[in-house]
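Engineer: Before I ask anything, here is the structure I am working with.
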Amino acid sequence: MRFSDILKQCFFNMWRRKVRTILAVLGVFIGVFSILATVSIGLAITYTLDNSIENIDGIRVIKVFGFENGNKGDGRMAMRGRGQNGEKMDDNLIMRIKQIPGVGEVTPAFTLSGAVQIKSKKTYSSLDAVDLKILPYMGLKVTPEEIAAAEKNGVFLKGSFITQQILGKQIEFDEKGHPTQPKLTPEEEEMYAHEMLVHSFDYSKIDNGRGNRRSRDSEAESDTPKLVFPETKFKIQKIFPKYDYDQTGYVSIKAGLQAFQEFARKNPANANKVKEFAYEYSEYKKNHSYTNLMVGVDKVDQVKLVLTKLKDMGLSVFNPINMFDEMRKVFMWVQLVLGGLGGISLLVATIGITNTTIMTIYERTKEIGIMKVIGANLKDIRNLFLFESGMIGFTGGFFGSVVAVILSNLANFIMRDSGLFNFASATDETVQVVSYIPAWLVIAALVISTSVGLIAGYFPSRRAMKMSALESLRSE
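Residue numbering for the sequence shown follows the UniProt record's numbering, starting at 1 and increasing by one per position.
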């Protein structure tokens with residue numbers, strides 16, 4: 001028999017027993033749909049997670065806190081940012097890190113804590129003194145011209161928290177960092193564009209580590225002086241949108257070190273007594289070494305490689321991508337469990353196809369005998385029943401996949417449109433899905449369902465092939 005003849009006979013026999021065929025196809029349909037529906041939920045979580053990684057601001061920045069002490073990788077941090085053999089986090093180390101493939105920028109980081117004042121109003125905040133070229137690696141949209149303008153005394157505010165605290169109301173900003181709504185009064189406009197002062201650092205207002213703030217009495221008892229940070233002026237260069245609750249600001253290293261130097265000059269006796277405040281500058285001043293570094297990586301997919309290289313150098317590092325890897329492992333197990341539950345339905349469908357094929361052979365025993373008498377090839381008889389069972393599997397898989405894809409897209413549309421869920425992170429570009437069915441999953445479903453049909457029909461088809469022609473003709 002030609003292939004076309006086998007195919008025609010296959011469709012004819014399936015159509016001749018429509019109810020039985022539909023029920024067998026329905027079993028496969030339910031199995032494939034169940035697998036796609038359950039696995040798509042796990043894939044949606046992983047898909048959203050992967051997209052959120054790409055769009056998380058700061059995912060391309062690795063923070064370096066110092067060398068690991070003792071045996072490499074034992075997790076114990078070295079004091080003063082030095083290694084076991086006296087290595088320092090200095091300019092030589094920065095040059096070595098810059099030679100790692102994928103590293104685009106490396107900068108020391110100093111922290112200036114104190115009161116931020118705009119005109120007569122103030123709030124407490126902190127500023128990081130860094131090489132401002134690191135800002136684009138944090139996902140902050142800043143131009144080279146803006147960086148150059150801020151080198152001397154400009155400040156970039158990551159978020160509107162500081163100005164909201166001072167102005168006393170929620171403010172929305174455009175991509176350029178300009179306030180859009182609500183409309184500011186002329187006085188607020190002037191205040192917004194005014195210079196920002198960082199000054200009056202009062203050590204007594206810092207938490208003592210036990211949840212209590214130091215009082216002036218305890219300050220006197222511990223001989224801890226009240227330090228007054230010299231008034232330092234910074235021009236507000238830009239406020240980045242979408243970071244409403246972030247109160248971090250960024251200034252250039254040059255401006256930050258000038259502030260530290262001014263502090264040390266005006267407080268020579270106190271600078272060494274308050275380690276929490278003066279340590280970063282004193283370490284830089286005495287040993288020309290740094291306590292913190294920031295490493296900017298060119299591409300997200302290079303972050304893991306750079307992390308490994310930095311750890312091999314004995315450095316203690318942090319990047320949130322490690323947490324995402326752990327989450328991905330958890331979701332992988334979720335997918336396996338959900339897929340296993342759907343696989344039970346497909347197993348039941350396999351039994352149904354086997355039963356249908358066996359019953360078909362019993363009903364068509366005489367037909368099989370006639371085919372053998374007129375000279376039909378045994379392989380053609382086997383292939384005829386294999387095609388029927390395989391077609392049942394393929395048809396059920398096809399319709400199951402189509403319905404699953406339609407309902408998946410519909411669910412995503414409804415959930416996004418209604419706003420019932422939101423997987424977005426700090427950026428609006430994060431893809432939000434509750435169900436995700438990629439093309440490879442649909443192809444896999446069709447292959448598996450067709451294979452299930454072929455496997456289910458294999459042994460019954462061999463039984464039909466081995467039947468005696470005479471016994472088949474005698475069958476009623």
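C-beta: ideal position from N, C-alpha, C; glycine also. Since the structure is predicted, the reported quantities are computational estimates derived from the model, not experimental observations.
Determine the direct distance from the alpha carbon of Arg382 to that of residue 483, and round the result to whole angstroms.
Structural biologist: It is not possible to answer for residue 483, since the shown part of the chain is limited to 1 through 476.
Engineer: What is the DSSP secondary structure of Lys18, reduced to helix, strand or coil?
Structural biologist: In the structure shown, Lys18 sits in a helix (DSSP, three-state: H, G or I).
Engineer: Using three-state DSSP, classify Arg2 as helix, strand or coil.
Structural biologist: Note: Arg2 maps to coil in three-state DSSP.
Engineer: Among Leu93, Leu293, Thr291 and Gly396, which residue has its Cα nearest to the Cα of Leu23?
Structural biologist: For the residues Leu93, Leu293, Thr291 and Gly396, the minimum Cα distance to Leu23 belongs to Gly396.
Engineer: Please report how far the alpha carbon of Lys18 lies from the alpha carbon of Val303, in whole angstroms.
Structural biologist: Distance between the alpha carbons of Lys18 and Val303 is about 58 angstroms.
Engineer: On a Cα-Cα basis, can you pick out the residue from Ile97, Met359 and Lys238 that is closest to Ala150?
Structural biologist: Out of Ile97, Met359 and Lys238, Lys238 has the C-alpha closest to the C-alpha of Ala150.
Engineer: Thr107 lies in the alpha helix (DSSP H); which residues open and close that run?
Structural biologist: Premise fails: Thr107 lies in the beta strand (DSSP E), Val103 to Pro108, not in any alpha helix (DSSP H).
Engineer: Between Ile392, Tyr436 and Gly400, which has its C-alpha nearest Asn412's C-alpha?
Structural biologist: Closest option to Asn412, Cα to Cα, is Tyr436.
Engineer: Here's the rule: buried if 16 or more other CB atoms are within 10 angstroms of the residue's CB, otherwise exposed. What is Leu336?
Structural biologist: Burial call: exposed.
Engineer: Rounded to whole angstroms, what's the CA-CA distance from Ile361 to Pro460? Just pull it up for me.
Structural biologist: Their Cα atoms are separated by approximately 7 angstroms.
Engineer: Would you decide whether Ala44 is buried or exposed? Buried here means 16 or more other CB atoms lie within 10 Å of its CB.
Structural biologist: By the neighbour-count rule (16 or more Cβ atoms within 10 Å), Ala44 is buried.
Engineer: Return the CA-CA distance between Pro320 and Gly104, expressed in angstroms with no decimal places.
Structural biologist: Those two C-alpha atoms are separated by around 19 angstroms.
Engineer: Check each candidate in Thr48, Val64, Trp440 and Ser52 and name the one with the smallest Cα separation from Asp312.
Structural biologist: Checked all of Thr48, Val64, Trp440 and Ser52; the closest Cα to Asp312 is Val64.
Engineer: Quick one: is Met323 buried, meaning 16 or more other Cβ sit within 10 Å of its Cβ, or exposed?
Structural biologist: Classification of Met323: exposed, given that the 10 Å Cβ count is below 16.
Engineer: Here's the rule I'm using: 16 or more other beta-carbon atoms within 10 Å means buried, otherwise exposed. How should Lys97 be labelled?
Structural biologist: Sequence check: residue 97 is Ile here, not Lys. Buried is the call here.
Engineer: Is Asp128 helix, strand or coil when you go by DSSP?
Structural biologist: DSSP places Asp128 in strand when its eight states are reduced to three.
Engineer: Quick check on Lys63: does DSSP put it in helix, strand or coil?
Structural biologist: Lys63 falls in the strand class under three-state DSSP.
Engineer: Go through its chain and collect everything with a Cβ distance to Lys299's Cβ below 8 angstroms, but skip five positions before and after it.
Structural biologist: Counting only Cβ-Cβ distances below 8 angstroms, and skipping sequence neighbours, we find Arg60 and Gly102.
Engineer: For the beta strand (DSSP E) that Met294 lies in, which residues bound it at each end?
Structural biologist: Where Met294 is concerned, the enclosing beta strand (DSSP E) stretches over Leu293 to Val297.
Engineer: Classify Lys88 as helix, strand or coil using the three-state DSSP reduction.
Structural biologist: DSSP places Lys88 in coil when its eight states are reduced to three.
Engineer: Measuring alpha carbon to alpha carbon, tell me which residue in Met294, Phe385 and Ile374 is nearest Phe110.
Structural biologist: Among Met294, Phe385 and Ile374, the Cα nearest to that of Phe110 is on Met294.
Engineer: Checking 7 angstroms against the spacing of the C-beta atoms, do Gly453 and Ile392 come in under that value?
Structural biologist: A contact, by the Cβ cut-off of 7 angstroms.
Engineer: Given this structure, state the Cα-to-Cα distance separating Val28 from Leu49, to the nearest angstrom.
Structural biologist: Answer to the nearest angstrom: the Cα atoms are 31 angstroms apart.
Engineer: Taking Ser252 as part of the beta strand (DSSP E), name the residues at either end of that continuous run.
Structural biologist: Counting along the chain, the beta strand (DSSP E) containing Ser252 begins and ends at Thr248 to Ser252.
Engineer: Do Gly352 and Phe33 have their beta-carbon atoms positioned less than 7 angstroms apart in this structure?
Structural biologist: Not in contact: Phe33 and Gly352 (Cβ atoms no closer than 7 angstroms).
Engineer: For Phe318, which beta-bridge partners are listed by DSSP?
Structural biologist: In DSSP, Phe318 forms a bridge with Lys63.
Engineer: Sorted by chain position, which residues of the same chain lie with C-beta nearer than 7 angstroms to Val447's C-beta, five sequence neighbours on each side aside?
Structural biologist: Closer than 7 angstroms at Cβ, skipping near neighbours: no residue.
Engineer: Would you report the Cα separation of Arg2 and Thr357, rounded to the nearest angstrom?
Structural biologist: Computed Cα separation, rounded: 22 angstroms.
Engineer: Given this structure, state the Cα-to-Cα distance separating Trp15 from Val442, to the nearest angstrom.
Structural biologist: When rounded, the distance between both Cα atoms is 26 angstroms.
Engineer: Could you check whether Ile134 and Gly249 sit closer than 7 angstroms to each other, using their CB atoms as the reference points?
Structural biologist: Not in contact: Gly249 and Ile134 (Cβ atoms no closer than 7 angstroms).
Engineer: Assuming contact is defined by CB atoms lying nearer than 7 angstroms, are Phe234 and Asn292 in contact in what I supplied?
Structural biologist: Contact: no.
Engineer: Tell me, to the nearest whole angstrom, how far the beta carbon of Gly457 is from that of Leu386; I am working on the premise that it is less than 8 angstroms.
Structural biologist: Correct: roughly 5 angstroms between the Cβ atoms.
Engineer: Please classify Val402 as buried or exposed, where buried requires at least 16 neighbouring CB atoms within 10 angstroms.
Structural biologist: When all chains shown are included, Val402 counts as exposed.
Engineer: Below 8 angstroms CB to CB, which residues in the same chain sit around Ile53 once its five sequence neighbours on both sides are set aside?
Structural biologist: Closer than 8 angstroms at Cβ, skipping near neighbours: Ile59, Val300, Ile321 and Phe324.
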